[in-house]
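Heads up: the protein sequence lines correspond to chains A and B, in order.
The first sequence begins at 1 in the working numbering and counts up one residue at a time.
The second sequence begins at 1001 in the working numbering and counts up one residue at a time.
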Amino acid sequence: MTAIGTRLPRQEDPRLLRGRGRFGDDMSAPGQLHARVVRSPSAHGRVRTLDVTEAARAPGITAVVTAGDLPEGMVIPVRLAIAGTDLSAFLQPVLARDTVRYVGEPLAVVVGDDPYACEDAADLVEIDIADQPPVLDASDAFDDGAFHHGDQRCTAAELTRCYGDTDAAFAAAAHVVRIELAIGRHSGVPLEPRCLLAVPDPDRGALAIFGMTKVPVWNRDLLADLLGLDETLIRVHAIDAGGGFGVRGEFYPEDFLIPWLAMRTGRPVKWAEDRAEHLMAVNHSRQQYHRVAAAFDADGRILGLTDDIIQDNGAYCRTHGVAVPELTAAMLPGPYRVPAYRGRVRVVLTNKTPCGTYRAPGRFEGTAAREHLLDVAATQLGIDPVALREQNLLTRAEMPHERPISTLGTDLVLDTGDYPALLAAAVEETGRLGYRAQAGAGPGSSTGRRRGFGLAMFVEKSGLGPQETADVTVSRSGAVHVYSGGTSLGQGIETVLAQIAADALGADPRSVRVTAGDTAAQPFGSGSWASRSTVVGGSAVHQAAAAVRERALELAARILEASEEDLDLTDGAISVRGDPGARLTLAEIARAAAPASRYLRKGEPSGLSARRRFEVSHMTYPYGVHAAVVEVDTGTGRVRVLRYLVAYEVGRAINPMLVEGQLRGGVAQGIGGALFEEFRYDEAGQPQAITFIEYRLPTAAEIPPVDVLLCQDAPSPGNPLGVMGAGEGGINAVGAAVANAVRDALGLAGGVGQLPLTPARVCALAHATPGPVIGGGP
Amino acid sequence: MKDVHEIRLTVNGRPHELAVEARRTLADMLRHDLGYTGTHLGCEHGICGACTVLLDGAPVRACLVFGVQADGAEVRTVEGLADGEQLSDLQQAFSDHHALQCGFCTPGFLMLAEAYLAENAGSTLGEDEARELVAANLCRCTGYQGIVEALLATARARQRP
């Protein structure tokens, strides 16, 4: 029982370090064609001409297809439907027919023998679009309730998450504090672009797919529906993926087009997007406008909280529907005691790339709004920011805490934890590590460089159900095989599931082999997203491995003619207590369970294996504190993050090294979103960030060493392992902590107004004459 | 007409002869003509560094070099680092320090570090210098800390007699 909790080296590492990973573009099939997507050059307009004649005649080109070649009505449905919203009018067609709505929208696909030739031919497609004015600023909807643009309806959905009487709370308040905060548009940007290989088997009418890594079973079923195939004829294979972060593996137009072209041509078709395509085609995320306000009593206790949120969703609603802004509204109250709350969201369509999830979707944004508001409130109320948080945090005695709102179709019950204790531990840790001293010991104001300290607290969510299924089998060699519905996106799922299975089976984790995301090997998987793989997938593996253990003990008792109570299972072998000679390895038991074994009773299924389904109706809610020390150069506007701490309650860490890695990697992405990364558009709707020169991912020069305080004090009551998710706690509060630290450095009375804090914005904040503070009295 | 050239080169010590179109990048040639798929393409415009290989010992972005430019050259890729099944000290340090998650950028960082360590054998590597070197390439998963630590640990170990 030592496999859980150890810093085991990753099983994934040797193949990846040797260049033997199998990433999308590493896969090829004999006779394959290559595909190139022709994309809209215009942000909004009517398609007057789409002439593929010349492209189709180019050397090496097999076919060029447009919307007219597709079956009727090919649109991509919503995967995460939120009750009460109808998005059917706003779904994306797989190829645009009459109207284009963002730069990068697929219009046609060229297939041919060679990717270079396809790219040449794609340039020969003649496109003429009658441009129409684009909608680019969703915040206009604050002033225009219906928000039409010409005859175009721009508000796709409106929803409210609320409880209590916020009007009464604000009327009774001693202090009301309001801020506005805009969150910039950014995205996950995994380092491997998307890639798909579809290999048809014309005789069977079957398809093998490589590169659908996130929710392979859901994508398989949707693809089967769209192609009119039985789903078991499609097999999605498990391969490596160069990062996911929410964007990879959702069902995009290409996920229909490439398999459909393979079926149509009868040949394997491969598509590998380039970086410019990725940055204008893959889901964007984050862009929201918040008008958030809190009502306090005279002592600084929160009486009510409201947020009016506009989500700039881009041109369509994709597979996530309105799940991201719904999560923002539902999670906004965070770890605090909020007697009355109203979060209103309007989802506005603009002529930009459509949006979906990106690591901590909705929470990066909401945490930034709430935690920045609290720092502004602390200044206005004359209370220390930590003290203001302390007195409003839910206490251990108040847990579990049921909020009368739902999210993603589940009731929001904060299941466990001691929020004040974690805040205290984080504050103590920043003191021990000298954060405050470093923030106070700036180079002197005459240099134009000012330092600041910022802190933010948050509740994460993890372990979304409804289920995950796992199969565990011991083969004749004694190796343990795990077939999980989770997928490997770089998070280390193979190692973690091996540790869980080894723990339950009393085996060496190095003897466990994990297959994650192969729809033939595990046809009932729900995928890797929403920080669910260790929680839900891991619990299924735990249960299946425990069932295999029971079965092994039952068979061993039969073979050894001993009582099960007298058996021990350790180091991959079962022995009879007090009789060292009576010992069977898992390999021997697996052979004894093989078909035709004399140890099998009549009617008993053969094999040493089990399938288990772990079902869960509620999520589990980890929580954390982020703290940052920044240095702001008021001359250049440059912000340097000098120190960064994440204190995080994870319930139980299967592999602490991997949890820390998740947290550190999340911080780096969060710093990108807080300071550097932004999809900007010009007035014509042309994207201004389609290379890594304009879309500025942080390098090692911008990311400080991240201090981690990993806590395992509040095991989750909702699963047998006591685990909570770790994938998103590193990024959740970075926007908030950095904004608070920059605000502290600049001594602002109000908020920073906008993320990311680019040099131009920081200069504007540093040199603005202090204006009237928004809010104040009731 | 395609502008095709016949070239010779060695990759990880193995000689290759092939005909390659003038515009074909070294990265595509290595990956798709010669099967060295450990070299990865993350941006194809020279920023991310995932495609870093050693061309006559010097690190280059294989997406910014044409295949024909490698005519007569010795190329080293990530596949050439390990000794049979034995990981190199640098590869092992990457695993020990959790310097990789998805592993897509890893070959580029390994080749970059390998070139640096070979060129600066015997000199001491400081943390700031290591961080500056690592800042040449992009990683989206790790936050770079493990990569910096792995590089420092390997440099220290190689200094010991």
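Backbone N, C-alpha and C fix where the C-beta goes; we use that ideal spot for every residue, glycine too.
According to DSSP, is residue i part of a helix, a strand, or is it coil?
i: V793(A); result: As displayed, chain A neither begins before 1 nor continues past 778, which places residue 793(A) out of reach and without an answer.
i: A157(A); result: strand
i: C763(A); result: helix
i: V1011(B); result: strand
i: D744(A); result: helix
i: W529(A); result: coil
i: T306(A); result: strand
i: M1(A); result: The pLDDT assigned to M1(A) is 47, lower than 50, so where the model puts this residue is not dependable; a value taken from the coordinates is nonetheless given after this. M1(A) falls in the coil class under three-state DSSP.
i: F90(A); result: helix
i: M74(A); result: coil
i: S511(A); result: helix
i: E12(A); result: coil
i: Q1101(B); result: coil
i: D143(A); result: coil
Check each candidate in the options and name the one with the smallest Cα separation from residue i.
i: V52(A); options: A701(A), A108(A), P580(A), L584(A); result: A108(A)
i: V1011(B); options: C1141(B), A1135(B), D1071(B), C1139(B); result: D1071(B)
i: R220(A); options: R204(A), A238(A), D203(A); result: A238(A)
i: Y599(A); options: G581(A), V37(A), L95(A), I559(A); result: I559(A)
i: E158(A); options: V348(A), A130(A), V217(A); result: V348(A)
i: A182(A); options: D744(A), D312(A), V474(A); result: D312(A)
i: R46(A); options: T395(A), A130(A), G517(A), T85(A); result: A130(A)
i: V1068(B); options: R1076(B), T1025(B), K1002(B), T1106(B); result: T1025(B)
i: A736(A); options: A653(A), V630(A), P717(A); result: V630(A)
i: G478(A); options: Q32(A), E273(A), L124(A), I589(A); result: I589(A)
i: C1105(B); options: P190(A), A117(A), A168(A), L197(A); result: P190(A)
i: M666(A); options: R1140(B), R1156(B), R1160(B), L1152(B); result: One detail in the question is off: residue 666(A) reads as Gly in this sequence, not Met. Checked all of R1140(B), R1156(B), R1160(B), L1152(B); the closest Cα to G666(A) is R1140(B).
i: R359(A); options: G246(A), P656(A), R510(A); result: G246(A)
Measuring straight from C-alpha to C-alpha, what distance separates residue i and residue j?
i: P772(A); j: A377(A); result: Confidence in P772(A) is poor, its pLDDT being 45 and thus under 50, which makes the residue's placement too unreliable to answer from.
i: L782(A); j: L489(A); result: This structure does not reach residue 782(A), given that chain A is present from 1 up to 778, and the question cannot be answered.
i: I731(A); j: V548(A); result: 38 Å
i: Y289(A); j: E390(A); result: 27 Å
i: L670(A); j: H1098(B); result: The sequence shown places Gly at residue 670(A), rather than the Leu named in the question. C-alpha separation (whole angstroms): 20 Å.
i: D143(A); j: R1061(B); result: 50 Å
i: T487(A); j: H186(A); result: 24 Å
i: M27(A); j: I693(A); result: 29 Å
i: G777(A); j: V738(A); result: Any reading at G777(A) must be qualified, since the residue scores a pLDDT of 37, below 50, and its modelled position is unreliable; the value itself is stated next. Taking the straight line joining both Cα atoms gives about 27 Å.
i: V625(A); j: A67(A); result: 49 Å
i: L433(A); j: E192(A); result: 36 Å
i: R20(A); j: G1080(B); result: 11 Å
i: A323(A); j: A437(A); result: 41 Å
i: T49(A); j: L497(A); result: 53 Å
i: L327(A); j: T160(A); result: 11 Å
i: F170(A); j: Y341(A); result: 11 Å
i: Y163(A); j: Y419(A); result: 22 Å
i: F780(A); j: A610(A); result: The structure shown has nothing for residue 780(A), since chain A only spans 1 to 778.
i: G775(A); j: G452(A); result: The predicted position of G775(A) is uncertain, since its pLDDT is 39 and thus under 50; no value can be drawn from it.
i: A1121(B); j: G266(A); result: 55 Å
i: G537(A); j: A172(A); result: 47 Å
i: H44(A); j: V135(A); result: 8 Å
i: L388(A); j: P333(A); result: 15 Å
i: R337(A); j: R344(A); result: 19 Å
Assuming residue i and residue j make a contact with CB atoms under 8 Å, what is their CB distance in whole Å?
i: V632(A); j: L663(A); result: V632(A) to L663(A), Cβ: 25 Å. No contact.
i: V646(A); j: V706(A); result: 6 Å
i: R235(A); j: A241(A); result: In fact, because the Cβ distance is near 17 Å, the residues do not count as touching under 8 Å.
i: G661(A); j: T1142(B); result: 6 Å
i: A470(A); j: V535(A); result: Not really, about 13 Å apart at Cβ, beyond 8 Å.
i: Y623(A); j: F364(A); result: That pair is no contact at about 15 Å.
Taking Cβ positions only, does residue i come closer than 8 Å to chain C?
i: F1066(B); result: Protein chains in the displayed structure are A and B, and chain C is not among them.
Let me check one thing: in DSSP terms, what residues is residue i bridge-paired to?
i: R1061(B); result: T1052(B)
i: L408(A); result: Paired residues: none, contrary to the question.
i: R583(A); result: S575(A)
i: D707(A); result: L645(A)
i: P200(A); result: L207(A)
i: T1025(B); result: F1066(B)
i: H284(A); result: C355(A)
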